[in-house]
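In case it helps, the UniProt record's numbering puts the sequence shown at residues 1 to 144.
Notes to accompany the following structure.
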Amino acid sequence: MCDDYLGFIPFEKDIISSNSIRNLAIQRFLLSPWSTDIEVIQHTKTLIWQLLSGLLFPSTSGRASLYFLELLHDNVENLTRWSWGSAVLAFLYHNLCEAAKADTSSIGGCLILLQLWAWERLPMVRPQRVLPLHAIFDLPYGAR
């Protein structure tokens, strides 16, 4: 699977978890000016896999999901046709429902989205502004 999707085969001793594969993929891909097109595509897929499994859809275990590697197998351009915002929000809602159970001690999902929502809706948890209100108009929404 790693050879097809990421362009390398890890040694058997390195296959402890999906996180160890993710770390190996990061170490392996240092692009140079002489990198081939295939290496650039594999590097791009590795970065997208990390973004999906580590930031947008993190699990409660903290492991990188190998499911997203299958999505990247065919064509990265197909990813632009999907509603990623809806999927991230649905995944967060699901994880919030799971975290509300009495026997659960961890939470998954895009918690930075939850944090930004809390800053917008709950003034008592919002950080104090450093810049004046008129100076933050052009900043990204999360930085306001």
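All C-beta atoms, glycine included, are put in the ideal place defined by N, C-alpha and C.
Source: prediction; values computed, not measured.
| Check | Outcome |
| --- | --- |
| I48 and L79 closer than 9 Å at C-beta | yes |
| Residue from Q115, P58, E120 and Y67 whose Cα sits closest to the Cα of G109 | P58 |
| T46 burial status per 10 Å Cβ neighbour count (16 or more: buried) | buried |
| Selected residue, minimal CA-CA separation from E77, among T44, W34, E39 and L66 | T44 |
| Boundaries (first-last residue) of the alpha helix (DSSP H) holding A118 | L111 to R121 |
| Range covered by the alpha helix (DSSP H) that runs through W49 | D37 to Q50 |
| Among N95, H134, L114 and I112, nearest to S61 - alpha-carbon criterion | N95 |
| Residues of its chain near V125, where Cβ-Cβ distance is below 6 Å and the 5 sequence neighbours each way are ignored | A118 |
| L69 classed as buried or exposed, judged by whether at least 16 other C-beta atoms fall within 10 angstroms | buried |
| A135 versus L116 - alpha carbon distance | 20 Å |
| Counted within 10 angstroms of its Cβ, other Cβ atoms place Q42 as buried (16 or more) or exposed | buried |
| Element boundaries [alpha helix (DSSP H), containing F137] | First-last for F137: undefined, no H or E at that position. |
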